[in-house]
């Protein structure tokens with residue numbers, strides 16, 4: 012199954028509000044509003060794309076420890092993911 016089809020199926024399951032996700036409808040509506048605000052802001056078009064080089068950074072991780080891009084890149088190529096949270 013192509014990735015887009017898998018993503019569409021996941022989204023439909025997630026937004027159905029049934030197990031295993033059990034996401035409240037209010038949270039889904041909030042995510043849709045936030046996504047639309049992001050689209051209207053133009054920020055999505057300015058985001059770095061796949062393969063782009065990121066500027067140097069130092070950010071806190073999930074434990075509050077500061078992590079620098081230099082330290083991460085020292086170990087080789089890097090894949091970044093921003094975890095928004097768990098509903």
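Residue numbers (the working numbering): 12 to 98. Beta carbons are placed, not taken as given, at the ideal position from N, Cα and C, and that holds for glycine.
Residue j beta carbon less than 8 Å from that of residue i
i	j	result
residue 67	residue 81	yes
residue 78	residue 89	no
residue 34	residue 25	yes
Pick from the options that is closest to residue i, judged by C-alpha positions
i	options	result
residue 84	93, 65 and 73	65
residue 73	92, 60 and 48	92
residue 28	18, 39, 19 and 20	39
Under the three-state DSSP convention, the category residue i falls into
i	result
residue 41	helix
residue 70	strand
residue 24	helix
residue 92	coil
C-beta neighbour in chain B for residue i, strict 8 Å
i	result
residue 26	No chain B is present in this structure, which holds just one protein chain.
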